[in-house]
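Enquirer: Taken in order, the sequence shown gives residues 837 to 1140; the numbers are from my numbering.
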Amino acid sequence: NPSLSFKPKPLFFTSPKTFSIYPLVLQCRERKSCNWLDVSSPKSGSYPVVVAALAAEVEVAEDVEEQEGVVEGGVASSTPPTKPKKGKAALPLKRDRTRSKRFLEIQKLRENKKEYDLKTAISLVKQMASTKFVETVTVRVAVLTQGEKFDEAKNAGADLVGGEDLIAQIKGGFMEFDKLIATPDMMPKVASLGKILGPRGLMPNPKAGTVTTNIPQAIEEFKKGKVEYRADKTGIVHIPYGKADFSEEDLLVNLLAAVKSIEANKPSGAKGVYWKSAHICSSMGPSIRLNIREMLDYKLSSNV
């Protein structure tokens, strides 16, 4: 499933560096306290010493790792440095950077750090899609309502419909649904589920369209793949915008719809440069950096 992500403040690294931990020795005097000394210390004399470490090396790649997604945007991030091994043998360490043949072939299709126009980027994403199957996701929709809306929700295709009984089940740990829709009259009772549903992103919310009186429309939209998105703590947004077997035209339309939605929901207090970077990628594939100016100015032709 393709997705878009953009980053207000990108992270980057300079040239590769190597860090080393130099030899230290431990000096012990007749069962008294022990002190760490430099191996070159002339005072070490003939006292028993224990070699603590020989060396440890860590390589920091110039290129940051690519994130995964479905056809989705990935934001570059650093990989934690390899820690020295503990124990008797402390030998120079290097991170294993072995890549599969498939990954290396895919990497040749794109240029690092190059910014691509939308059509070229989407074409590359389809070529890089490495999964041998197309995921089909069934969205399970639960509805909290009462009265005449109960039958309306059932007839509209809801997987679960309930009132106080469903609330009690959720409190007991039942979470067999992907979306939870509630009618406004149920919200005072739903409030008690905040600590359970909130961390999972399932708490009904008018802004997300999950608190509504138009239950059939809400169910239809979520069953068809309506996507909610939000920025994380660092301001990064990840949005799936299709599947790898979609046509390039459909992916382009969906991607532009995602871009338009992000632009339309820009915070009123946002100043300066809003889009810092944008990438798209396929499942398990490397990300492709987009030319932001071309992306924002892109106009669909009338026949698309």
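All C-beta atoms in this analysis are idealised placements derived from N, C-alpha and C, irrespective of residue type, glycine included.
Let me make sure I understand the geometry here. Which of I958, Q1005 and S1119 has the alpha-carbon closest to that of E1085?
Expert: Among I958, Q1005 and S1119, the Cα nearest to that of E1085 is on I958.
Enquirer: Considering only their Cβ atoms, is the gap separating A1004 from P1040 smaller than 7 Å?
Expert: Contact flag unset, no.
Enquirer: Identify the residues that DSSP records as bridge partners of R1125: which are they?
Expert: Bridge partners of R1125: H1115.
Enquirer: For P1020 and E1130, I'd like the C-alpha separation in whole angstroms.
Expert: Cα to Cα, the separation comes out at about 42 Å.
Enquirer: Name, in chain order, the residues that DSSP records as bridge partners for G998.
Expert: DSSP lists L980 as partners of G998.
Enquirer: Since I believe T981 is in contact with G999 (beta carbons under 8 Å), could you give me their beta-carbon distance rounded to a whole number of angstroms?
Expert: Confirmed, Cβ separation roughly 7 Å.
Enquirer: Is the region 1049–1061 close to the region 1096–1106, with three or more CB pairs under 8 Å?
Expert: Result no; under three Cβ-Cβ pairs closer than 8 Å.
Enquirer: With a Cβ-Cβ cutoff of 7 Å, do L1029 and A978 count as a contact?
Expert: For L1029 and A978, no; Cβs fall outside 7 Å.
Enquirer: Taking the C-alpha atoms as reference points, what is the distance between Y1134 and D953?
Expert: Taking the straight line from one Cα to the other gives about 9 Å.
Enquirer: Work out the CA separation of P1076 and E951 for me, nearest whole Å.
Expert: Their backbone Cα atoms lie some 20 Å apart in a straight line.
Enquirer: Excluding the 5 residues preceding and the 5 following D1014 in the sequence, name in chain order all residues of the same chain whose CB lies nearer than 6 Å to its CB.
Expert: The answer, listed in chain order, is V975 and R976.
Enquirer: Run through the DSSP bridge pairs and tell me what Y1110 is partnered with.
Expert: For Y1110, which the question treats as bridged, DSSP gives no partner whatsoever.
Enquirer: Give the secondary structure of V1047 by DSSP, where H, G and I count as helix, E and B as strand, and everything else as coil.
Expert: Residue state, collapsed to three classes: strand.
Enquirer: Consult DSSP for L1016 and reduce its assignment to one of helix, strand or coil.
Expert: If DSSP states are grouped into helix, strand and coil, L1016 belongs with the strands.
Enquirer: Measuring only the C-alpha atoms, how far is R946 from L1136?
Expert: Cα to Cα, the separation comes out at about 25 Å.
Enquirer: Would you kindly check if the distance between the Cβ of I1055 and the Cβ of G983 is under 7 Å?
Expert: For G983 and I1055, no; Cβs fall outside 7 Å.
Enquirer: In this structure, what does DSSP give as the bridge partners for Y952?
Expert: The partner list for Y952 (beta bridge, DSSP) reads L1126.
Enquirer: Beta-carbon within less than 8 Å of M1023's beta-carbon, same chain only, minus the 5 sequence neighbours each way: which residues are those?
Expert: If we look at M1023 and ignore the five residues flanking it on each side, its Cβ neighbours are P1040 and V1047.
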